[in-house]
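Under my numbering, think of the first position of the sequence shown as 281, with each following residue one higher. Note that the Cβ used here is the ideal one computed from N, Cα and C, for glycine as well. Here the structure is a predicted model, which is why all the values come from computation and not from measurement. A quick write-up on the structure given underneath.
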Amino acid sequence: MKRVKRISTSAFLLTILLGLTSYQMRPYRNHNTFTVVIDAGHGGKHPGTLGKTIKEKDVTLQIALELEKIIKRNSEDNIRLMMTRRSDTYVDLNDRADFSNKNKADLFISIHCNANENKDIHGTETYAMGVHKTEGQIDIMKRENADILKEENYKQKYDGFDPNSEESYILFKLQQHGHLTQSLDLAKRIEKQFDTHAKRTSRGVKQAGFLVLWKTAMPAVLIETGFLSNEKEEKYLTSVEGQQNLASSIYKAVKEYKQTHQR
Ligand SMILES: [Zn+2]
281 MKRVKRISTS
291 AFLLTILLGL
301 TSYQMRPYRN
311 HNTFTVVIDA
321 GHGGKHPGTL
331 GKTIKEKDVT
341 LQIALELEKI
351 IKRNSEDNIR
361 LMMTRRSDTY
371 VDLNDRADFS
381 NKNKADLFIS
391 IHCNANENKD
401 IHGTETYAMG
411 VHKTEGQIDI
421 MKRENADILK
431 EENYKQKYDG
441 FDPNSEESYI
451 LFKLQQHGHL
461 TQSLDLAKRI
471 EKQFDTHAKR
481 TSRGVKQAGF
491 LVLWKTAMPA
501 VLIETGFLSN
511 EKEEKYLTSV
521 EGQQNLASSI
531 YKAVKEYKQT
541 HQR
């Protein structure tokens with residue numbers, strides 16, 4: 281009886297010791313760690329908008345990978361970066377939001393490229409979830425949401441949402457995103473960096489109903505990094521220098537946001 285007791289006491293102490301050791305060996309993560317999910321728009325058989333020489337899905341992934349490099353180089357910032365995709369594959373729009381929610385991300389940033397029939401139009405726009413104000417914004421919404429048409433059972437998955445029906449967008453008027461103020465704050469910081477750091481033409485902060493932002497449970501924005509329909513901007517978006525400038529602008533805005541909002 282005594283012997284059994286002694287064994288169980290030492291087993292108990294051993295468990296505590298192992299527990300303490302594994303606690304110390306856990307990767308460093310305190311309340312200062314800030315998780316950012318970067319979502320490279322489109323992918324795989326969903327190319328997004330087409331430039332003359334490049335597809336949107338490739339530009340968005342290249343900018344996301346540049347951003348990953350910058351964040352890795354600045355590990356002292358304690359920013360944990362997670363990506364919804366790191367290769368040329370398509371991820372369902374609702375899975376991108378689920379991924380961010382499951383990983384308890386502090387921010388969700390979806391990267392895209394714009395297009396317009398008017399080839400002169402150029403510049404950046406950053407969107408928070410909300411109600412569109414212009415016809416142009418309806419076109420952008422329809423285009424960015426159209427990927428779900430090729431997803432299986434999209435009607436069930438998106439509660440009967442039809443990207444081409446304007447009535448579907450009434451849904452977004454009824455349901456306001458829970459983190460609108462913070463999303464708009466992040467959007468403003470991103471547009472400011474595009475203007476001052478990357479020297480782009482900022483077309484400002486806007487709101488529209490993007491499905492990829494809909495179910496995110498944290499501040500979330502969608503960035504239109506430029507127009508692939510504008511020849512000069514397509515060249516910029518294709519160049520490594522352009523992609524690095526856009527990525528470092530997003531990084532600076534995220535860092536600023538983290539310093540302002542993290543408790
Ligand atoms: Zn897009």
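Original post:
Could you name the residues, in chain order, whose CB is less than 5 Å away from a heavy atom belonging to ligand 1?
Top reply: GLY321, GLY328, HIS392 and GLU424
Original post:
Helix, strand or coil for GLU429 per DSSP?
Top reply: The residue asked about is misnamed: residue 429 is Leu in this sequence, not Glu. Here LEU429 sits in helix by DSSP.
Subject >> Reference LYS437, options ASN396, VAL492, LYS479 and ILE401, closest by Cα >> reply: VAL492
Original post:
Based on the DSSP output, what are the partners of LEU330 in its beta bridges?
Top reply: LYS335
Subject >> Among VAL317, LEU345, GLU536 and GLY328, nearest to ILE428 - alpha-carbon criterion >> reply: GLY328
Subject >> Backbone secondary structure at VAL411 - three-state DSSP >> reply: coil
Original post:
Should the segment 484-499 be called in touch with the segment 516-536, which here means at least 3 C-beta pairs below 8 Å?
Top reply: no
Original post:
With burial defined as no fewer than 16 other Cβ atoms inside 10 Å of the residue's Cβ, what is the status of LEU466: buried or exposed?
Top reply: buried
Original post:
Under a three-way DSSP split, which group does ASN394 fall into?
Top reply: strand
Original post:
Between ILE470 and VAL534, what straight-line distance do the alpha-carbon atoms span, to the nearest angstrom?
Top reply: 8 Å
**OP:** Report the rounded CA-to-CA distance for ILE389 versus HIS326, giving the unit in angstroms.
**Re:** 19 Å
Original post:
What residue does the alpha helix (DSSP H) around ILE470 start on, and which one ends it?
Top reply: 460-476
Original post:
Using CA coordinates, which residue listed in ILE391, GLU514, THR315 and ASN381 is at the minimum distance from MET362?
Top reply: THR315
**OP:** Compare the C-beta of HIS541 with all C-beta atoms of chain C and state if any pair is closer than 8 Å.
**Re:** The question asks about chain C, but that chain is absent: this structure has only one protein chain.
Subject >> Same chain, Cβ closer than 6 Å to GLU536, neighbours up to 5 away in sequence not counted >> reply: ARG469
Original post:
Contact between the segment 494-507 and the segment 387-402: three or more CB pairs below 8 Å?
Top reply: yes
Original post:
What residue range is occupied by the uninterrupted beta strand (DSSP E) comprising PHE507?
Top reply: 500-507
Original post:
What do you get for GLU346, buried or exposed, if any count of 16 or more other CB atoms within 10 angstroms of its CB means buried?
Top reply: buried
**OP:** For SER528, name the three-state secondary structure that DSSP assigns.
**Re:** helix
Subject >> Inter-residue Cα distance where the pair is LYS453 and VAL411 >> reply: 6 Å
Original post:
Residue range of the beta strand (DSSP E) that VAL317 falls in?
Top reply: 314-320
Subject >> Inter-residue spacing [alpha-carbon to alpha-carbon] between GLU336 and GLY321 >> reply: 8 Å
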